[in-house]
Every structure is written in structure tokens, then in C-alpha cells.
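Chemist: Attaching a single structure in C-alpha cells format; questions to follow.
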Amino acid sequence: MTESQVGRPVSRVDGVAKVTGEARYAADADVAGVTHAVLVMSTIARGRVTAIDTSKATTAPGVLGVFTHQNLDRIALPGPEIAFLKRFLPVQDDQIRHAGQPVAIVVAGTLEQAQQASGLVGVTYQAEPARVVLADDMGEAYVPPETNDGHNDYVRGDVAAGLAAAHTVAEATYTTPLQHHNALEPSVTVAAWDGDRLTVHESTQAISNTKNALIQAFGLSPENVRVISPYLGGGFGAKGPVWPHTVLAAAVARQVGRPVKLVLTRAHAYTSNGHRAETHQVLRVGAARDGRLTAIQHTVTQQVSRTEDAMLNSSEPTRILYACPNVRSTQQAVRLDLPMGSFARSPETATSHALESTLDELGYALDLDPVELRMRNWSAINQDTKVAHGSNHLRECYERGAERFGWSRRDPRPGSMRDRDGLIGWGMATAAHTAGGRPGSSAAVTIGVDGTARIRSGTQDLGTGTYTVMRQLGAEVLGLRLREVRFDLGDSAYPPAFASAASATVPSVGGGVVRAATAARDQVIALAVADPDNPLHGVAPDQISVGDGDLFHTERPSRRVGYRQVMRRHGRPIEVTSEAVFAPMGYSVGATFVEVHVDPVLGRVRVRRVVGVFDCGRVLNHRTARSQAIGGAIWAIGFTLSEHTLVDPHLGRIVTPNLSGYLVPVNADVPDIDVSFIDQPDPSSPALGARGFGETPATGVTAAIGNAVYHAIGHRIRDLPISQDKIIAALS
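Read in order, the letters of the sequence shown are residues 129 to 860 in the working numbering.
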């Protein structure tokens, strides 16, 4: 019996390279003659530059150039089809849109020389009063044009009638703060020109987007731009868009005539890499006496910049998840003098937190168990599109999760569960996130004369295991052993692929791998059955199976031949390039259960247990999938209990631009995390039944923590993070 390559908990194939230092990240690129760039950032949040004195910096040791809006070449702004979130390029005019905006770029022979010279640039400003506090400008909220897939003001049914008909209505206001990504690897660009040819080593989640942006910015031919990104030290959405620093690095490299490396400092990343925008959310949720939802009204107001109004805290779960006939989801924007928000891991987390927390409040009002409340409102279809989910085992997630957690032992009365050190709380919530394919992802499969396979795609692995699972998919379809398949990524010279975002890589790139591998396998089968000297000569192709490196007759397995023998007789490689078939937008779901311990004296919250059961279609690799679930839970702990970017309300400057002031979870904050999967294929997925998953887990853990805190202390804390001072104030 042949061994399936899919589903096995295979160790990451890139793991050894990473732990031994062999893996080469963008900043490690070996580029001859490289110089170093450092950004000079604005110290005001709004106004204009009136003068820049670069004389001291220009004459400093090792300096090759100091570039400002006065001497940097004009650069074309890439079109709106490029995910270039800032719809302006800094260092192109004298206007200041936010504190920490680049106003000059210093290029020198060494990093130390560039850093020293950057401090010698004198900038004079004409400052204007800045608005940086969302709460102060709520009266200026507006609904942007329908740029968010038509969902900025979404209505189905009659919400007013649904609320009027409800037995119980839960009303709540939740806020989530501005938050940052803090990837281990900072954003990096190494740009090198050779005439009109541009090569960029980039820490990016979107190689193809980056290439297209550079083509437009510099008016280049596609064949003259190459973007390389074989390894990524985390991205979490921050490296999804094409940010200005990438284009600026390429621009100054062209002007100095030398390769340029630009590495964002941690502080610079807080204003140049995007963030999760602050939100203010108002919900009204009505239900009949039996808990069936009659109406949901959800208004989300979030911060945007002065230059654009892209809103990325999507209210998708409100529209899609639960069976409710009357829904209104309104997404409002408030323009502030702050950097533009960006994709952040699980963008729906902010809105899911508010929705799932309000449902918990509704459950208490109805005296209905929160699991049962969600079971009664389960939906087999996408409530927005009315199209059935490819598969939906959410009810089984609830049941299995409750059993694994021991939910039946929960005393529902707030404050009723204790130990000798404090209060115990149990909470749960639903996890749900988009998980379907996106168009434009391709893969090339080459079967060599030695019978091994090489698969290539211009995708990227931001640490989720793409190198590994794509190799498993290819091996499974081709019928080769894992060691006989190689998967290459991280180079725009390979077939293009969608960004590593929206949990779309598995169904998108995976779909392309499956399609190309299928076509290549079929060509090898055709060679075998057409060869008079082959044991499979004359067998119908649909009677041929593959496995363990062989082709064999399905009904008579002893009649077989190896890939190597077939390809040696053929004498030349077979190569196939295919694009994934676009599949309907998938949806991965799960149920999360959390236990917290609250110290009523110190106000300290400890997450003691997390149990998550997930339905993400077929699991390609149980080890990497579990890792994603653990990572999502850790993100959620930070989101809920500690992470909060602080902005000076007068100056508009971020005052926590480092990991000493911005608190992320550490190992001591992370409890035992129990992860399991339904592991049933989604028939609508082109990737052998697998859906995207990486962003799903965090969307449920945040509210589960908040709901557990309420169960522990009997007070609902609706403003994140749930910090110690808020616990103490609630219990005072």
C-alpha cells in the first residue's frame, strides 16, 4: 500500500536551514558593493517642511547622497490595482501627513556612517494642529465609497423590525486599540540596478505585487524586474502591501549608482509598516426566547489616514457566520493624522471580538449556555451570498471542543468558580475566517530524466510552512516520495502567485500545484502506456495509479514501472505550468474554549488553558497546522490582554515604538494549548480538499478570553486590552 504524503506531520523542510543559519533572508543578500540607507523621519504629525539643511550630512564621512523632496527623482505612483496602501509617496513633496513620515534618505558606505549622518540633517517645519484621537472625532465619521467589496454599508432584511420582534436585545459598545505587528525580521529592501534592470531582495508577503509596483514606479519592462524573497522572518500582514520604503530604496539606488540596503528600525516600522487600526464598535443583537437571532446591527468606526480610507477591520463574520434574517453592518471611517492602517493577522479579529462578546452577553440575558446559543444559530450556507459552504463542520467543533475542555462542569454563575489564589473563568467563542482561493496563482512542475520533480511558484513562505505543504501536495499528486520532490519559491522569475494573505495560499498556490502536477503526471502516464517496451503498454490511462515513485496498474499492482525508468527512456524533462482553478471563497471555522485565572488583588489575568477544535477542510500537515493554531492563540492573548500602541494626543507621535513599551506575550504567558481538527476534505477546494487556515484561530480566542474574564469576575470589560488597572477598577 502506498503511503499518503498529505496529512503527515512532516517537519518543516526549511527547518534545518533556519536553525543552522543557512537560510538567507533579505538583509543577508550577498550583493557586491552594497551601500546603506537610513530614513530621516518627521517629528510633527501635520504641516509642511519649510527648510532642510543637508550640508553637514552631505559632507560627513562615507556619505554618497542625501535625498529630500528637493533632489529625489520624481517617481510614478503605482496604480490602485497594486496593494500599495499609502496612496502617496513621501519625499516627493513638502507635505507632512503623520509623525514618523520619511522626509529624507541618507546613503553611505556603511550603516554606521548613514546613521551618524542622518542625525545631521536639519529639518524646519510649519506645524499645524494634529487630530490623532479617534474618540475626539467620532462626529466626523463617514461611510467611505464602496471600495470594500460593497460591504461598507451592508443591509439584509429589516433590522428595525427584527429588533422590535426580539424577546431580548443585547446592546454593547466595544473598543479595540491601535496595534502593531512586530515581526522578528524587520522590513528590508536591497535594491540593485544594472542599467535598466532592477533586482530587489525584499522581505515581502507579495512578490508579484512588489514586482508590478516597481514596474509601474520606474516605467520598466516586466522582464527587467526581479524580486527575490526566499525566507521571511514573519510578516503577519505588515509585509503584504508594497510600502514606500521599497520604492524609495530602489529610487536612491538608481541615483547613487550603487546597490542600496534599507532596513527599517523597530521604531521606523511603527510608522512605515502599517498597523491594526483602532476601532469603536456598537452592536445591538436581538433574539427570540429560544435564542434564535432575529437581528444584528453592527457599526464599526475605525481610524484611517488623511490620504486614503481603506478599512481592513472587516465585519465579515457579522455578515456571513450566523443564521440571522436581518443584518446591518456599517463600516465608518474617521480621518486622523496617523499612518495608514494595514492588514494585520486575522483582520476580522477586532469585529469578531465584539460580535462574540455581545453574543455572550445575549446568552446571559437569555439564561442560555453560550455553546447552545451558537448551535441554534449555526448556518450551512454563507449568509451573505446564500451559497452553501463547501463543507461546514462547525457544530461538530462545538461538541468536540466542549467535551475536550470539560465544559459540562462549568458553573454558569459569574464569580462562582474559584481556587485558593483567585477567581476562575471559563469562556468560549466561535472562530471564523475567509479561507478560499484567489485568482492569479500558478505553478510549474518539471519531471526530470531522473524521475524526480521540481515545482516552482512565485509565492513566499512567511513561516507558515508553505515550503513543506506544497512539497507534500506535489508528492501526493505525482505519486512520488517526499524526498523526490523539490519546491522552490521566493523569486518573481517563477510563475506568479497571489500574496500570502487572506489565508489564501493553500487553496490558491496549492490549487496551482495540484493542477500542474496532475498534468505532468498524466504526461508521464501517457509515455508509459505508449511505449511497447513498458510493462504498462496498452493499459487505459484511467487504470493507472501512482505511488512510492511508481506507476502501476490499479487492479494488478504487480504490473508497475518507476518514474525514473519512464523518464530515462523519454530522454528529456517534462514541464507543465498551470494556474489554479478559481474556487468559491471558502470559510474555515472552529470553536475555542479558554480558562483564565484572575488575581483580584493585583488584577492580573492568566490564561491557563486553551482548547481549539477547527474545521479547515483536509489538513495537509498536522504539525504545521497545529503550529498555526498555537501562533493564533498567542496573538490573541496579546490582542486581548496587553497589546496597545500609545500615541501622544498632542504631538501625534507613537510613544511605544519598541518591545519594552509595547507588550507582546512571552513564553511565561502562554498556557497549554490543545488543538485538534475535524480533518474532512472540502469538495470545493482545488487543493485536495484543503482550505486556508492560518488566520482562523485568533478570531475566536480573543472573545473567549474576554468572556472567561467576565465569568470569573462578573464585570464586562469592553475596552481592550483587559489590563490590570481595569480589573482592579471593576472589582473596586
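We put the CB at the ideal spot given by N, CA and C, even for glycine.
A quick note: this is a predicted structure, and the numbers were derived from the prediction, not measured.
Could you give the DSSP three-state label for K854: helix, strand or coil?
Modeler: Residue 854 sits at position 726 when you count from the first residue of the sequence shown. Three-state result, K854: helix.
Chemist: Could you tell me the distance, in whole angstroms, from the CA atom of S628 to the CA atom of G402?
Modeler: Residue mapping note: residue 628 aligns to position 500 of the sequence shown, counting from 1. Residue mapping note: residue 402 aligns to position 274 of the sequence shown, counting from 1. In a straight line, the C-alpha of S628 is about 16 Å away from that of G402.
Chemist: If T427 and T407 are in contact, beta carbons under 8 Å, what's the gap, nearest whole angstrom?
Modeler: For the purposes of this step, residue 427 is identified with residue 299 of the sequence shown, where counting begins at 1. For the purposes of this step, residue 407 is identified with residue 279 of the sequence shown, where counting begins at 1. In fact, because the Cβ distance is near 10 Å, the residues do not count as touching under 8 Å.
Chemist: For A155, is the beta carbon positioned less than 6 Å from some heavy atom of the ligand SAM?
Modeler: In terms of ligand content, the structure shown is empty, and the ligand SAM therefore cannot be addressed.
Chemist: Say whether the segment 562 to 569 touches the segment 621 to 636, bearing in mind that this needs 3 or more beta-carbon pairs closer than 8 Å, one atom from each stretch.
Modeler: yes
Chemist: Hey, would you say V733 sits closer than 7 Å to V724, going by beta carbons?
Modeler: In the sequence shown, residue 733 corresponds to position 605, counting from 1. In the sequence shown, residue 724 corresponds to position 596, counting from 1. Taking 7 Å as the cut-off, the Cβ atoms of V733 and V724 count as close.
Chemist: Spatial neighbours of H481 within its chain, please: C-beta separation below 6 Å, excluding the five flanking residues on both sides.
Modeler: Here the question's residue 481 lines up with position 353 in the sequence shown. Around H481: T830, A831.
Chemist: From the DSSP output, in three-state form, read off S813 for me.
Modeler: Counting from one through the sequence shown, the residue named residue 813 turns up at place 685. Of the three classes helix, strand and coil, the one that applies to S813 here is coil, per DSSP.
Chemist: Less than 7 Å between CB atoms is the rule here; does A630 satisfy it with respect to chain C?
Modeler: Absent from the structure: chain C. Only one protein chain is present.
Chemist: Please list, in chain order, all residues of the same chain as G362 whose beta carbon is under 7 Å from its beta carbon, the five residues on each side excluded.
Modeler: The residue given as residue 362 occupies position 234 in the sequence shown. Taken in chain order, the residues that qualify are A311, L312, E313, L590, G591.
Chemist: Is DSSP giving I806 helix, strand or coil here?
Modeler: Here residue 806 refers to the residue found at position 678 of the sequence shown. Coil, per DSSP.
Chemist: Unbroken beta strand (DSSP E) runs of length 3 or more, entirely within the segment 508 to 589: which are they?
Modeler: 550 to 562, 570 to 575, 581 to 584
Chemist: Give me the Cα-Cα distance between P273 and D222, rounded to the nearest whole angstrom.
Modeler: What you label residue 273 is simply residue 145 of the sequence shown in a count that begins at 1. What you label residue 222 is simply residue 94 of the sequence shown in a count that begins at 1. Their backbone Cα atoms lie some 28 Å apart in a straight line.
Chemist: So is N280 buried or exposed if we call it buried at 16+ other beta carbons inside 10 Å?
Modeler: The residue you call residue 280 lines up with position 152 of the sequence shown. So N280 ends up on the buried side.
Chemist: Scan the segment 607 to 664 and note each continuous alpha helix (DSSP H) run of 4 residues or more that stays entirely inside, going in chain order.
Modeler: List check, alpha helix (DSSP H) in window: 633 to 658.
Chemist: With distance defined between alpha-carbon atoms, name the residue in A656, A245, P624 nearest to E351.
Modeler: The residue given as residue 351 occupies position 223 in the sequence shown. When each option's Cα is compared against that of E351, the closest is P624.
Chemist: May I ask you to report which of helix, strand or coil DSSP gives N749?
Modeler: To locate residue 749, count along the sequence shown from 1; it is residue 621. It is a strand residue.
Chemist: Taking the CB atoms as reference points, tell me whether A647 and S570 lie closer together than 7 Å.
Modeler: For this step, residue 647 is matched to residue 519 along the sequence shown. For this step, residue 570 is matched to residue 442 along the sequence shown. Not closer than 7 Å, so no.
Chemist: With a Cβ-Cβ cutoff of 7 Å, do R582 and R614 count as a contact?
Modeler: Looking up residue 582 in the sequence shown gives position 454. Looking up residue 614 in the sequence shown gives position 486. In contact: R582 and R614 (Cβ atoms closer than 7 Å).
Chemist: Out of A378, Y359, A341, which one is the CA nearest neighbour of T163?
Modeler: Against the sequence shown, residue 163 aligns to sequence position 35. The option with the nearest alpha carbon to T163 is A378.
Chemist: Check E406 in the structure and name its three-state DSSP category.
Modeler: Start at 1 with the first residue of the sequence shown, and residue 406 comes out as number 278. Three-state result, E406: coil.
Chemist: If you follow the alpha helix (DSSP H) that V249 is in, where does it begin and where does it stop?
Modeler: In the sequence shown, residue 249 corresponds to position 121, counting from 1. Per DSSP, V249 belongs to no alpha helix (DSSP H) and is neither H nor E.
Chemist: Can you tell me the Cα-Cα spacing of V168 and T479, whole angstroms?
Modeler: Taking the sequence shown and counting its residues from 1, the one referred to as residue 168 is at position 40. Taking the sequence shown and counting its residues from 1, the one referred to as residue 479 is at position 351. Cα to Cα, the separation comes out at about 36 Å.
Chemist: What do you reckon, are the CB atoms on G639 and A530 nearer than 7 Å?
Modeler: Within the sequence shown, residue 639 is the residue found at index 511, counting from 1. Within the sequence shown, residue 530 is the residue found at index 402, counting from 1. Result no, Cβ atoms of G639 and A530 do not sit closer than 7 Å.
Chemist: Give the DSSP-derived three-state secondary structure of F195 in the structure shown.
Modeler: As a position in the sequence shown, residue 195 is number 67, starting the count at 1. In this structure, F195 counts as strand in the three-state DSSP scheme.
Chemist: Alpha carbon to alpha carbon, how far is F805 from E131? Give it in angstroms, no decimals.
Modeler: In the sequence shown, residue 131 corresponds to position 3, counting from 1. In the sequence shown, residue 805 corresponds to position 677, counting from 1. Straight-line Cα distance between these residues: approximately 21 Å.
Chemist: List the DSSP bridge partners of Q254.
Modeler: As a first step, residue 254 is located in the sequence shown; it is residue number 126 there, counting from the start. In the DSSP assignment, the residues bridged to Q254 are R176.
Chemist: At the level of alpha carbons, what is the spacing between S673 and Q459?
Modeler: On the sequence shown, position 545 is the one that residue 673 refers to. On the sequence shown, position 331 is the one that residue 459 refers to. Cα-Cα distance, rounded: 52 Å.
Chemist: Can you list, in chain order, the stretches of the beta strand (DSSP E) that have 3 or more residues and sit fully within the segment 408 to 479?
Modeler: Fully enclosed beta strand (DSSP E) runs of 3 or longer: 421 to 432, 455 to 463.
Chemist: Three-state secondary structure (DSSP) at P230?
Modeler: On the sequence shown, position 102 is the one that residue 230 refers to. Of the three classes helix, strand and coil, the one that applies to P230 here is strand, per DSSP.
Chemist: Only counting the same chain, and skipping five residues up and downstream in sequence, which positions put a Cβ closer than 6 Å to that of L449?
Modeler: For the purposes of this step, residue 449 is identified with residue 321 of the sequence shown, where counting begins at 1. The beta carbon of L449 sits closer than 6 Å to the beta carbons of A560 from its chain, once the five residues preceding and following it are set aside; these are given in chain order.
Chemist: For I702, list the residues DSSP reports as bridge partners.
Modeler: Translated into the one-based positions of the sequence shown, residue 702 becomes position 574. The partner list for I702 (beta bridge, DSSP) reads I575.
Chemist: According to the Cβ coordinates, are L440 and G469 closer than 7 Å?
Modeler: Counted from its first residue, the sequence shown places residue 440 at position 312. Counted from its first residue, the sequence shown places residue 469 at position 341. Contact: yes.
Chemist: For T477 and S485, what's the separation of their Cα atoms in angstroms?
Modeler: The residue given as residue 477 occupies position 349 in the sequence shown. The residue given as residue 485 occupies position 357 in the sequence shown. In a straight line, the C-alpha of T477 is about 12 Å away from that of S485.
Chemist: What is the residue span of the alpha helix (DSSP H) that H839 lies within?
Modeler: For the purposes of this step, residue 839 is taken as residue 711 along the sequence shown, with counting starting at 1. Residues 826 to 841.
Chemist: Which class does I203 belong to by DSSP, given the choice of helix, strand or coil?
Modeler: As a working mapping, residue 203 is identified with position 75 in the sequence shown. Collapsing the DSSP output to three states places I203 in coil.
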